[in-house]
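J.: Before we start, here is the structure in question, set down as structure tokens.
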Amino acid sequence: MEVASSAATERLRLNRFGHAYVGVGAVVIALFFYLALAAQITQSSYDISRLQDQQRQLIAEQDQLRYQEVTLHAPAQVQQQASQSGMQRVLPASYVPGQMVAIDLAAPVGASPSDSTPRWLRAVAMVVNSVGGTRDVLAAGNK
Amino acid sequence: MGSARLRVLSMFVVAMLLAGAVWSRLAYWQVAQHGRLASQAQAQYREYVELPAVRGAIFDRNLTQLVVNTTVYSAFVSPDQVPSTERDGVAQGLATVLGVDKAKTLATLETNAKFAYIARRFPKAKADQLRALKLPGVGLEEETERSYLPGIAPGTTLASNLLGFVDWTGNGNYGLEQKYQDALAGTPGYISSYRDLANREIVLGTHTHQDPINGADLVLSLDANIQYAAEQALADGVKKDNAESGSVLIMDPQTGGIVAWADYPSYNANDFNHTNPAMFKDNVLGYVYEPGSVMKVVTLSGAMNAGAIAPDTVINDPGVLSVGGYRIYDWDHRNHGNIDYTYVLEHSLNVGAMKAMQAEGHDAFYKNLQAFGLTQPSGVDVAGENFIPLPAGSQMADAQYATASFGQGIDVNMVQMLAAINVVANGGKYAQPHVVERVGTRVNPVLLQPQRQVISADAAAKMTTMMEAVVQHGSGWTSRVPGFQLDQCGKTGTSQIPVNGQYTQDVWASFVGFLPAQHPRFTMIVVVRKPHYPGADRDWTMNDGYLTAEPVWQKIAQTMVVDWHITPD
């Protein structure tokens, strides 16, 4: 048993360059992965640069559109469009024109409307008015 | 033996000297020049790219954007990258798309230069055309530009004198762009990374990234619609009066916020590099003038506040008053007899103003000018305020006090004057004039401060009634707005312009007013400089404010009544 196992071990033992081959192989594989990764990252960075450039162009276009939009609502543009469509500013205050009424001052005065004020109120009014005088009376007096 | 030792010693010394020379040179490069060489080496493979901050926008009170950042392009060539056989084609392509001179471009291409600009700051459409041509050795550079709203005429921009402009280096010039440069510009960021020979980023190298902090937006108290109407009415008025220039300033009486700030003539801020720099000056804030009879509002208000006079106090006005050896006349040289102070203001009589000042006293009058803000700069938040300080009270002669009472011999700018008159409209309180309401999300601290009481509310109310009378019975009649004839206040001002110490026939004509009288929605001043009203060749009084400035005021007030839905009290 012991002889067989030591023979197998002897068979499996790498020769003097074996370790170096394994090491170099590992390094080559690592290098390969590193290069693949680096290439992938570099490609991604190019894609990012391209997309950033595209984004800058889109932002520039958006700015342009924004300015156009703002200009559309600018007072100068609004007035120009209004005048093109025939609109104009009007005065805020509009006065209703007075209706002419013909009054014949020489015509006889018609019947007075009947006074429905109760008698007691008229009596009170007579007393009050005789003391202070009404506004109408005062106005007539001043005149 | 001795000579051998000497030879060895001398050889050793020589060797030491040579080694010392090498070591010292090595030390020089490695130690003394370490920083410079390291930075030179780093510059070859390390790239520092500045990430520009987006400049803040400017909005009016209704959040209408007044300024937009747009991207423009500059085209450059690298002549050494253009094969000689293709030079003609490249020059032709550039000339066709950009409109540059083909011969000059060809001459540039024939040099050995590494870099030369062909055209600066053209729009994206042209850049796209140029890109499509794929010209060898031609490159495009992106730049940011401020684009302002169009103004009243082609080639002008709205509120250019107030806003200012941003130059190609990104610095604000004049107006708000200059005053708020730090807040608007923000802080740029950067990317620091390694680059290969083809200037491509080496992503596996160290990489430092700092995001930019964008500039803050400004929200103004300005109303773009009113601003436009003011610019239009002013331009019409200045042209009609054959005047040199004119300005309009409108203020919110309660807050001191500026609603409109117009100058005529003005300029195109989108094309500042082709504009005469003299046009950049803002006459609202950068120009001082003698306000003339508008000052009587301040004089009489102060005297009433001190209890020295009342609107119905009767004085005798013979049309002239001798002060300090000078005979000073009313504008019409007439004897007006016994009149009250309401009449004085209605008819703008200098003798009445002088008597009010005398009744109050020099010291009180001077303090009055200080309280109304006429002896110090207004402090409005716009760059370029011009201000001439008044001499100390003790250094002013009697005649100087007399002329100052009716607005001659005293220099103010329009912001100072309007803020002073606004005291009457604001119940006797001084509202600090300002244009910016918010910087980003921060409210302008001016709006949070208590207002200073200059005169009593009672004195302000009396002056309001007197100023109503000016519109109803006096020189303010051409300012009447239909529907507000009995409900608006105003005062004209006309002052002769001094040249070399002598008053000339040229005048500053102005009108200041507010409406509705009891609950004012706006205060407005119009100044027209050197008007030559038809028929005014020999008589400066023909250029009076009531014929020149008032119609402009009336036209703008009319628009405001409509746009702001103002109704009489």
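Residue numbers (this note's numbering), protein chains in the order written: chain A, 1 to 143; chain B, 144 to 712.
From the three backbone atoms N, C-alpha and C, an ideal C-beta is built for every residue, glycine too.
1. In the DSSP assignment, what are the bridge partners of Asn212/B?
2. Three or more beta-carbon pairs under 8 Å between the segment 390–409 of chain B and the segment 284–293 of chain B, yes or no?
3. Where does Val220/B fall in DSSP's three states?
4. Closest by CA to Val586/B, which one among Trp172/B, Leu363/B, Glu320/B and Arg148/B?
5. What residues in its chain sit with their C-beta under 7 Å from that of Asn529/B, if we drop five residues either side in the sequence?
6. Rounded to the nearest angstrom, what separates Val306/B and Val579/B at their Cα positions?
7. Can you pull the chain A residues whose beta carbon is under 7 Å from the beta carbon of Gln208/B, in chain order?
8. If you measure from the beta carbon of Asp315/B to each beta carbon in chain A, is any gap under 8 Å?
9. Would you tell me roughly how many angstroms separate the C-alpha atoms of Ala660/B and Arg623/B, rounded to the nearest one?
10. Out of Gly242/B, Lys439/B and Lys510/B, point me to the one whose CA is closest to Val567/B's CA.
11. List, in order along the chain, the chain A residues whose C-beta lies closer than 8 Å to that of Val211/B?
12. Grouping DSSP H, G and I as helix and E and B as strand, with all else coil, what is Tyr472/B?
13. Between the Cα of Tyr323/B and those of Lys247/B, Ile401/B, Asp524/B and Thr546/B, spot the shortest distance and give me the residue it belongs to.
14. Going by alpha carbons, who is nearest to Thr647/B out of Val655/B, Thr666/B and Asn686/B?
15. What residues in the segment 162–193 of chain B bring their beta carbon closer than 8 Å to a beta carbon of chain E?
16. Going along chain B in order, which residues have a C-beta closer than 8 Å to the C-beta of Ala76/A?
17. Provide the residue span of the beta strand (DSSP E) that contains Leu392/B, from first to last.
18. May I have the straight-line CA-CA distance separating Asp47/A from Thr213/B, to the nearest angstrom?
19. So what does DSSP say about Lys277/B, is it helix, strand or coil?
20. Which stretch, first to last residue, makes up the beta strand (DSSP E) that contains Met667/B?
21. Buried or exposed, going by whether 16 or more other CB atoms sit within 10 Å of the CB of Gly86/A?
22. Is it the case that the Cβ atoms of Ala562/B and Gly516/B are separated by a distance below 8 Å?
23. Please state the DSSP three-state secondary structure of Ser94/A.
24. Does any residue of chain B have a CB that is nearer than 8 Å to the CB of Arg119/A?
25. Please list, in chain order, the residues of the segment 21–38 of chain A that have any C-beta partner in chain B closer than 8 Å.
26. If the cut is a Cβ gap below 9 Å, which residues of chain B does Ala60/A touch?
27. Count the other CB atoms within 10 Å of the CB of Thr710/B; is the residue buried (16 or more) or exposed (fewer)?
28. Residues of chain B with CB under 9 Å from His19/A, in chain order?
29. Using a threshold of 8 Å, state whether the C-beta atoms of Thr485/B and Pro454/B are closer than that.
30. Please compile the residues from chain B whose C-beta is within a distance smaller than 8 Å of the C-beta of Arg56/A.
31. Can you tell me the Cβ-Cβ gap for Asn255/B and Pro222/B, rounded? I've got them flagged as a contact below 8 Å.
32. Can you tell me which of the three DSSP states Ala158/B falls into?
33. Going along chain A, which residues have a C-beta under 9 Å from Asn368/B?
34. Pull up the CB-CB distance for Gly570/B and Ala603/B, whole angstroms please, since I reckon it's below 8 Å.
35. Helix, strand or coil for Arg230/B, going by three-state DSSP, please let me know.
36. Measuring CB to CB, does His73/A end up less than 8 Å from Thr207/B?
T.: Taking the definition as stated:
1. According to DSSP, which records beta bridges pairwise, Asn212/B is partnered with Arg289/B.
2. Judged by Cβ distances under 8 Å, the segment 390–409 of chain B makes no contact with the segment 284–293 of chain B, as fewer than three pairs qualify.
3. In the structure shown, Val220/B sits in a strand (DSSP, three-state: E or B).
4. The residue with the shortest Cα to Cα distance from Val586/B is Leu363/B.
5. Excluding its 5 nearest sequence neighbours in each direction, Asn529/B has C-beta neighbours in its own chain below 7 Å: Leu428, Gly429, Tyr430, Val431 and Asn556, listed in chain order.
6. The sequence given here has Leu at residue 306/B, not Val. C-alpha separation (whole angstroms): 11 Å.
7. Residues of chain A passing the Cβ test: Val70.
8. Sequence check: residue 315/B is Gly here, not Asp. It does not: the Cβ of Gly315/B has no partner Cβ on chain A nearer than 8 Å.
9. Ala660/B and Arg623/B: Cα-Cα distance of roughly 12 Å.
10. That would be Lys439/B, whose Cα lies nearest to the Cα of Val567/B.
11. Within 8 Å Cβ-Cβ: Asp63, Arg66, Tyr67 and Val70.
12. Here Tyr472/B carries a strand assignment [DSSP, helix/strand/coil].
13. In this structure, Asp524/B is the residue among Lys247/B, Ile401/B, Asp524/B and Thr546/B with its C-alpha nearest to the C-alpha of Tyr323/B.
14. Out of Val655/B, Thr666/B and Asn686/B, Asn686/B has the C-alpha closest to the C-alpha of Thr647/B.
15. Among the chains of the structure shown, chain E does not appear; the protein chains present are A and B.
16. What Ala76/A touches in chain B: Leu292, Pro293, Gly294, Ile295, Leu301 and Tyr371.
17. Element bounds for Leu392/B: Ser388 to Met394.
18. Each residue's alpha carbon lies about 26 Å from the other.
19. Coil.
20. That run of the beta strand (DSSP E) goes Phe665 to Arg672.
21. Exposed is the call here.
22. Contact flag set, yes.
23. For Ser94/A, the pLDDT reaches just 48, beneath the cut-off of 50, and the residue's location in the model is therefore unreliable, leaving the point undetermined.
24. Arg119/A does not count as touching chain B.
25. Shown in chain order are the members of the segment 21–38 of chain A whose Cβ falls below 8 Å from a Cβ of chain B: Ala38.
26. Going along chain B in sequence order, the residues near Ala60/A (Cβ under 9 Å) are Thr213, Thr214, Val215, Tyr216, Lys267, Ala270 and Glu285.
27. Looking at its Cβ environment, which holds fewer than 16 other Cβ atoms inside 10 Å, Thr710/B is exposed.
28. The contacting residues do not exist; His19/A stays about 30 Å from chain B at best.
29. Yes, the Cβ-Cβ distance between Thr485/B and Pro454/B is below 8 Å.
30. Simply Thr214 and Glu285.
31. Rounded, the Cβ-Cβ distance is 7 Å, consistent with contact.
32. Looking at Ala158/B - three-state DSSP - the assignment turns out to be helix.
33. Chain-order list of chain A residues neighbouring Asn368/B: Pro75 and Val78, by C-beta distance under 9 Å.
34. Yes, they are in contact, since the Cβ atoms of Gly570/B and Ala603/B sit about 5 Å apart, within 8 Å.
35. The answer is helix: DSSP assigns Arg230/B an H, G or I state.
36. Taking 8 Å as the cut-off, the Cβ atoms of His73/A and Thr207/B count as close.
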